[in-house]
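Q: Numbered per my numbering, the sequence shown finishes at 319, counting up by one with no gaps.
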Amino acid sequence: EYCSLACVRRAHKRRNPSAASGGSASKVMRTQEAKSKPTATVTSAAPAQQPQQQKPESKSSTGKRVFRWTEYLNVKNNGYAAPIHLFLNPFPISTNCFELGMKLEAIDPENCSLFCVCTIVEVRGYRLKLSFDGYSSMYDFWVNADSMDIFPPGWCERTSRLLQPPKGMQPERFSWCRYLVKTNAKAAPRALFTHLNDVAQPDLNGFSVGMHLEAEDLNDTGKICVATVADKLDERIRVHFDGWDDCYDFWVHVNSPYIHHCGW
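1. Spatial neighbours of residue 315 within its chain, please: CB distance less than 6 Å, with the 5 preceding and 5 following residues excluded, ordered by chain position.
2. Reducing DSSP to helix, strand and coil, say where residue 186 ends up.
3. Mapping the DSSP letters down to three states, classify residue 197 as helix, strand or coil.
4. What residue range is occupied by the uninterrupted alpha helix (DSSP H) comprising residue 233?
5. What does DSSP give as the partner residues of residue 158 in its beta bridges?
6. Applying the 10 Å Cβ sphere with the 16-neighbour rule, what's the burial state of residue 193?
7. Which of the three DSSP states is assigned to residue 144 in this structure?
8. Contact check, residue 222 vs residue 190 under 8 Å by CB: the rounded distance?
9. Taking the beta carbon of residue 303 as the centre, do at least 16 other beta carbons fall within 10 Å, making it buried, or is it exposed?
10. Return the Cβ separation of residue 218 and residue 248 in integer angstroms, given the expectation that the two are a contact with Cβ distance under 8 Å.
11. Just checking my contact of residue 196 with residue 226 at CB under 8 Å: how many whole Å lie between their CB atoms?
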């Protein structure tokens, strides 16, 4: 069994490799069927194609018992939980003031090159469930209230990034002001995005867009691939695998052990 829909999708990708495109493809819309990425190493070629399988259905919680740690640990024959003092940030340091129905911009966890229009459809403790406007709930995903992958409406425009609008709308014609009026919705205030309100720190990110490097493919077998810096945000960079679609990009801290210099 899988722990989440995201795990199902990743496993589905690994089971269904397909041929690579000739160059770096443009950003893809969510309505297109996701292509699967063969292992792209520095020295090896892509594997042969395999028949595509049907897209897995989302998991349903209907009829399932409520999970409780105490019961589970007892079933595991006196299993014990890892002590709280072992965790660097065991509890949130700020209050979750997001509200149900607020709209915001978020990085698509299944295609990290895309910034999308989302709505908060559930608030549970310090967690937010986000839904892509205009798309099926099977794509919904959870983030923490202090996630660095969520932004206030208008952030993409201010930082010269392309925003993926709701289904059926053209990016060049999308306007947050008109959309909020049309949907009678509320924009999530900038003050709620803690990572944008932190005291400015010295710029530790010396990477520039277009620089080349070697990076580990975390969605496959950890093989080293030729890659390029496609974007940068504070102390993170977006790694793009050369010759593959943007949907395989991923964000990583500049001090990550999974990126290396050319020739590493």
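The beta-carbon is built from N, C-alpha and C at its ideal position, and this holds for glycine as well. All figures in this text were calculated on a predicted structure; none of them were measured in a lab.
A: Once the coordinates are examined:
1. These residues qualify, in order along the chain: 269.
2. Note: residue 186 maps to strand in three-state DSSP.
3. Here residue 197 sits in strand by DSSP.
4. Segment 231-238, the alpha helix (DSSP H) holding residue 233.
5. Checking the DSSP bridge columns, you'll see residue 158 partnered with 174, 242.
6. By the neighbour-count rule (16 or more Cβ atoms within 10 Å), residue 193 is not buried but exposed.
7. In the three-state reduction of the DSSP assignment, residue 144 falls in the coil class, being assigned neither a helical nor a strand state.
8. Sure, about 6 Å apart at Cβ, within 8 Å.
9. Under a 10 Å Cβ-count criterion, residue 303 is classified as buried, with 16 or more other Cβ atoms of the shown protein chains found around its own Cβ.
10. Their Cβ separation, rounded to whole angstroms, is 16 Å, which puts residue 218 and residue 248 out of contact at 8 Å.
11. Residue 196 to residue 226, Cβ: 21 Å. No contact.
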